[in-house]
Amino acid sequence: MPTCSKCKEQVADGADCSLCKSCLHFHCAGISEPGYRKLGDRKMTWRCPKCKQGQGQGKSPSQPSTTKPSGPTDLEHQEITPTQLMKEIKDIANKLNSLDSIVEDIKYLKDNLTQLQKSNVQTNNVIQELSKKIVHLESRVKEVECDKEKVVCLSQKVEKLEIQIQFKDQWARLNNAEIKGVPMKKGENLLDIVISIGSKVDFTLSKSQINYVTRVPNRDPNSAKPIIVCFNNRFVKEDFVTAARKYSSMSPLTTIAIGLQGNNRIFVNDHLTAYNKTLLNKTKTVAQEKNFQFVWVKNSKILARKNTTSPIISIKTERDLQKMI
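Letter 238 of the sequence shown, counting from 1, is numbered 238 in the UniProt record's numbering, and no numbers are missing.
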C-alpha cells in the first residue's frame with residue numbers, strides 16, 4: 001500500500017501525481033474525491049501541489065534551471081525561453097483543470113441543493129396537508145364528544161321512558177291474575193274454572209267480582225295457553241293469589257283437585273308483563289349464583305332477600321340486579 005508523500009501515512013485510495021508519481025490523500029492533495037473522479041482522462045496530467053510550485057521530485061535533470069537575477073530586474077525586459085513558456089502554459093492548464101473540477105463540484109453541490117430544496121418543499125406541503133387533516137380531525141373529535149354527551153343524555157331519557165312505560169303496562173295488569181297448568185278443552189267455561197280454583201283454595205269468588213276471563217297466547221306452542229283473570233279491584237286479586245300460594249305451599253294445586261282430567265300442577269301468580277317475566281328469571285339466576293334465599297313477587301313487584309335478617313331489595317330494572325352482587 002503506497003504512502004502519502006505529504007502526511008507519510010498509508011493511502012488506500014488517493015490522487016496520483018503525473019509528474020513526481022507520488023500518491024496523496026485527497027485532502028492532502030487539496031482536491032475532493034468527487035472532483036478528482038470527474039477529471040477523467042485529465043487525471044493523466046494532474047500534478048500535486050509541490051509539482052505545481054516547481055518543487056516536485058519528478059523534475060528532469062536535463063531540464064534547464066532558471067534562477068532569478070541577484071539584483072532587481074525589469075520583468076518586462078526579461079527574455080522568456082520556450083521551455084519556460086511551455087512550463088507556464090502547463091501550469092495555467094493544470095490550474096484550469098483544477099478549476100474545472102471545482103466547477104464540477106459546485107455543480108454537483110448545486111444539483112444536490114436543488115434536489116434538497118424540492119424535497120423540503122414537498123415535505124412542507126405534506127406537513128401542511130397533515131396539519132389541515134389534524135385540525136379537521138380535532139374538530140370532528142369535539143363534535144363526537146358533544147354527540148357522545150347527547151347520546152348519554154338521550155340514553156338516560158330513553159331508559160326513564162322505558163321504565164315509565166313498563167310501570168304503566170304493569171299497572172294496567174294490576175287487577176289481573178295468571179293461571180298456568182289448566183289444560184285446554186273445547187267448550188270449556190273459564191269462569192267456572194276460576195271459581196272452582198277459588199273454592200279449592202278456600203277463597204270464595206262470585207261472578208260479580210270478576211271483570212273477564214280469557215286465555216292468552218303462550219311462547220311454547222306445545223303447552224296450554226295461560227288463563228288471565230281480570231278482577232274488578234286489585235284487593236280481590238291479591239287475596240285470591242295469596243290464598244292460592246298458601247294452599248300450594250301445603251299441598252300441590254292440581255287439575256284433579258278442581259274436578260278436571262289429568263294431574264297437572266296449577267300455578268296462580270300476578271300477571272306480569274313480558275319484560276318483568278324476563279327480569280324475574282334473571283333475578284332468580286343471580287339469586288342462585290349469589291346464594292339468595294328468597295325471590296318473590298308481591299303486588300306485581302319483584303323482590304329479593306338474601307336471608308331473614310338482610311334488607312329486601314326491589315328489582316325494577318336490570319340495573320337493580322347490581323344490588324344483589
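The C-beta atom is built at its ideal place from N, Cα and C for all residues, glycine as well.
I'd like the list of long-range same chain contacts for residue i, defined as Cβ closer than 7 Å, with 5 residues on each side in sequence excluded.
i, result
"N108", "Contrary to the premise, residue 108 reads as Tyr rather than Asn in this sequence. Result list for Y108: P34, in chain order."
"K207", "L191"
"K301", "S314"
"C28", "C4, K6 and C7"
"S32", "F26 and D105"
"E188", "none"
"K59", "Low per-residue confidence applies at K59: pLDDT is 45, beneath 50, and the placement is therefore not dependable, though the value from the model is reported in the following sentence. For K59, where only same-chain residues beyond five positions count, there are no Cβ hits under 7 Å."
Could you give the distance in angstroms between the alpha-carbon of residue i and the alpha-carbon of residue j?
i, j, result
"E143", "V135", "12 Å"
"I266", "V182", "6 Å"
"M86", "I92", "10 Å"
"K185", "N218", "16 Å"
"I258", "I210", "19 Å"
"Q166", "K237", "20 Å"
"S223", "N264", "11 Å"
"L96", "H25", "21 Å"
"V152", "A304", "30 Å"
"E129", "V141", "18 Å"
"T316", "D220", "According to the sequence as given, residue 316 is Lys; it is not Thr. Approximately 26 Å, taken between the alpha carbons."
"I89", "N125", "53 Å"
"S98", "A15", "13 Å"
"Y36", "G30", "10 Å"
"I312", "A287", "13 Å"
"N120", "L113", "10 Å"
"residue 327", "K132", "Because the chain in this structure spans residues 1 to 325, residue 327 falls outside the shown range and cannot be described."
"K277", "Q170", "11 Å"
"N94", "Q115", "32 Å"
"K157", "Q164", "10 Å"
"P69", "Q84", "The pLDDT assigned to P69 is 45, lower than 50, so where the model puts this residue is not dependable, and the model offers no usable value."
"K110", "R42", "23 Å"
"S155", "L272", "25 Å"
"L161", "E145", "24 Å"
Looking only at its chain, what residues have a beta carbon closer than 8 Å to the beta carbon of residue i, apart from the 5 residues adjacent to it on each side?
i, result
"A12", "M1"
"N299", "L174, R234, E238 and D270"
"N232", "N175, S208, Q209, I210 and N211"
"V103", "none"
"L75", "Interpretation of L75 is limited by its pLDDT of 41, a score under 50 that renders its predicted location unreliable; no figure is taken from the coordinates."
"E159", "T317"
"V241", "A177, V268, N269 and D270"
Roughly how far, in whole angstroms, is the beta-carbon of residue i from the beta-carbon of residue j, given that I think they are within contact range, below 8 Å?
i, j, result
"L205", "V194", "7 Å"
"V201", "Y247", "4 Å"
"I227", "V213", "6 Å"
"R234", "L174", "5 Å"
"V297", "L280", "7 Å"
"V268", "A177", "6 Å"
"K52", "S101", "So it is not a contact: roughly 14 Å between Cβ atoms."
"K306", "F292", "5 Å"
"K290", "M324", "5 Å"
Terminal residues of the continuous alpha helix (DSSP H) containing residue i?
i, result
"S248", "R234 to M250"
"W171", "P82 to A172"
"F267", "Element bounds for F267: not the alpha helix (DSSP H) but the beta strand (DSSP E), F267 to D270."
"I210", "First-last for I210: I210 to R215, but that is the beta strand (DSSP E), not the alpha helix (DSSP H)."
"R305", "No alpha helix (DSSP H) contains R305, which is instead part of the beta strand (DSSP E) from K301 to R305."
"N276", "A274 to E289"
"I195", "L190 to K200"
"E33", "E33 to R37"
"K50", "P49 to K52"
"F26", "F26 to A29"
Note the first and the last residue of the continuous beta strand (DSSP E) segment covering residue i.
i, result
"S314", "I313 to I315"
"F294", "F294 to K298"
"N222", "It is not in any beta strand (DSSP E) - N222 carries neither H nor E in the DSSP assignment."
"E9", "That residue, E9, is in no beta strand (DSSP E); it is neither H nor E in DSSP."
"A177", "N176 to K180"
Using a Cβ-Cβ cut-off of 6 Å (strictly less than) and excluding sequence neighbours within five positions of residue i, which residues of its own chain qualify?
i, result
"G262", "P183 and T255"
"I179", "I227 and V268"
"F294", "R305"
"V229", "A177, V194 and V213"
Give a yes or no on whether 8 Å exceeds the smallest Cβ distance from residue i to chain D.
i, result
"K277", "Note that chain D does not occur in the displayed structure, where there is just one protein chain."
So does residue i have its beta carbon nearer than 7 Å to some heavy atom of the ligand MG?
i, result
"L154", "What this structure holds is no ligand at all, so the ligand MG is not there to describe."
Checklist entry - Are the region 45–56 and the region 12–29 in contact at 8 Å, needing three or more beta carbon pairs? => result A contact exists between the region 45–56 and the region 12–29.
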